[in-house]
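Using our numbering, read the sequence shown as starting at 459 and increasing by one per residue.
Every residue gets a Cβ at the ideal spot worked out from N, C-alpha and C, and that includes glycine.
See structure below.
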Amino acid sequence: MRFIRSIYYKLLYIIYAITLKERDCKFPDGFRGKKQLFIYFDYEREFGGHSVNIQDSDVAKILQILNETGLKTTWFAVGKVIEKYPDSIRMIQSGGHELGSHTYAHIAPVRSSRRKLKLDFLKFNDVSLRYGKISGFHSPNGMWSMNMKQGIIKYEFQYDVVSRRVKHNSGVFISNFESEGRKFLRLFTVGDDWPLYRKKPGSEEVFAHFMSLLNKIEDGQLGGIGIHPWVIFSDDNILKGFQQFIYHIAAQENVQILPAGNYASEILEINHS
Ligand SMILES: [Zn+2]
Numbered sequence: 459m460r461f462i463r464s465i466y467y468k469l470l471y472i473i474y475a476i477t478l479k480e481r482d483c484k485f486p487d488g489f490r491g492k493k494q495l496f497i498y499f500d501y502e503r504e505f506g507g508h509s510v511n512i513q514d515s516d517v518a519k520i521l522q523i524l525n526e527t528g529l530k531t532t533w534f535a536v537g538k539v540i541e542k543y544p545d546s547i548r549m550i551q552s553g554g555h556e557l558g559s560h561t562y563a564h565i566a567p568v569r570s571s572r573r574k575l576k577l578d579f580l581k582f583n584d585v586s587l588r589y590g591k592i593s594g595f596h597s598p599n600g601m602w603s604m605n606m607k608q609g610i611i612k613y614e615f616q617y618d619v620v621s622r623r624v625k626h627n628s629g630v631f632i633s634n635f636e637s638e639g640r641k642f643l644r645l646f647t648v649g650d651d652w653p654l655y656r657k658k659p660g661s662e663e664v665f666a667h668f669m670s671l672l673n674k675i676e677d678g679q680l681g682g683i684g685i686h687p688w689v690i691f692s693d694d695n696i697l698k699g700f701q702q703f704i705y706h707i708a709a710q711e712n713v714q715i716l717p718a719g720n721y722a723s724e725i726l727e728i729n730h731s
């Protein structure tokens, strides 16, 4: 069953790639010689369907770790979280981090009707409006659907973060929403913290897991590493290993770390034609 589903999605994304005239894109010269990394958080609280709950103080703790290293990251928040926990959103933004969309109700576009998605985009826009322009989208389960296109265009999203389904050389590709004269950037994730959950890992193992993700990104290439705050706080060793990883990469000469949106606007800028 799993095998059939994976073939189905592979085919679906090949069809999407053709329909949207996807192409690899040029990178700014400044990308050369360094791994280009963005760290993103899927910020879901109790709306992600997971058993572990987190508090504003946990978010503050993560922000403190990031702040100590000067790293700026991207937070894909569920709209319901923005609505219910506005203080935490203000904390995130005042730390200089980017706010993105993880849908309003944590729904998977690939399994949602066009109507349902339309409403979800509308509600997300309503609750996020006061926090400024939001340009990034990360789909729950990492998969996207053509049904999202209208919402992406209407609310002027510039990029999303997807799991790699079809090979692209540059590690990033552009979808042409041609009839609307728009280009939409798809950034890739190289993985996240899911494999650590329930594993009871030692902190060294956690650190090694994140390093193995980082090593998937070659010099001059761009990739994202995903974090779920609830996974980080599900186990002391995961938190410890995460903290070690953040301190470590912040000090690396060969790694550049920026919010996903910064990369997206820089790349779109030189790929406009
Ligand atoms: Zn999620």
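Apart from the 5 residues on each side of it in sequence, R490 sits with its Cβ closer than 8 Å to the Cβ of D677, G678 in its chain, given in chain order.
Counting only residues of its own chain and dropping the five nearest sequence neighbours on each side, W533 has a CB closer than 6 Å to the CB of F499, Y501, I550, H555, L557.
Under the three-state reduction of DSSP, R622 is assigned to coil, being neither helix nor strand.
Collapsing the DSSP output to three states places A708 in a helix.
A direct Cα-to-Cα measurement between N511 and S586 gives close to 22 Å. Short note on G594: C-beta not closer than 8 Å to any heavy atom of ligand 1. Taking the Cα of I725 as reference, the smallest distance to any Cα among Y655, P653, Q616, H686 is reached at Q616. For Q494, the uninterrupted beta strand (DSSP E) run begins and ends at 493-501, by DSSP. Every alpha helix (DSSP H) stretch that sits fully inside the region 544-623 and reaches 4 residues is listed by chain position as 544-552, 572-586, 607-612. Taking G719 as the centre and dropping the five residues before and after it, the same chain places the C-beta of E556, S593, G594 closer than 6 Å to its C-beta, in chain order. Around the C-beta of D487, fewer than 16 other C-beta atoms lie within 10 Å, and the residue is accordingly described as exposed. If you draw a straight line from the Cα of D693 to the Cα of E526, it comes to about 22 Å. Spanning the alpha carbons of K674 and L680 requires a straight line of approximately 10 Å. For E556, the Cβ stays outside the 8 Å cut-off from all heavy atoms of ligand 1.
When the beta-carbon positions are compared, S670 and K698 stay at least 9 Å from each other. Distances between the C-beta of E502 and the heavy atoms of ligand 1 include at least one below 8 Å. Annotation for V536 indicates a beta carbon within 8 Å of some heavy atom of ligand 1.
The Cβ neighbour count for R644, taken over all protein chains shown within 10 Å, is at least 16; the residue is labelled buried.
The beta carbon of F668 sits closer than 6 Å to those of F703, all from its chain and outside the five residues before and after it, given in chain order. 9 Å or more divides the Cβ of L469 from the Cβ of N634.
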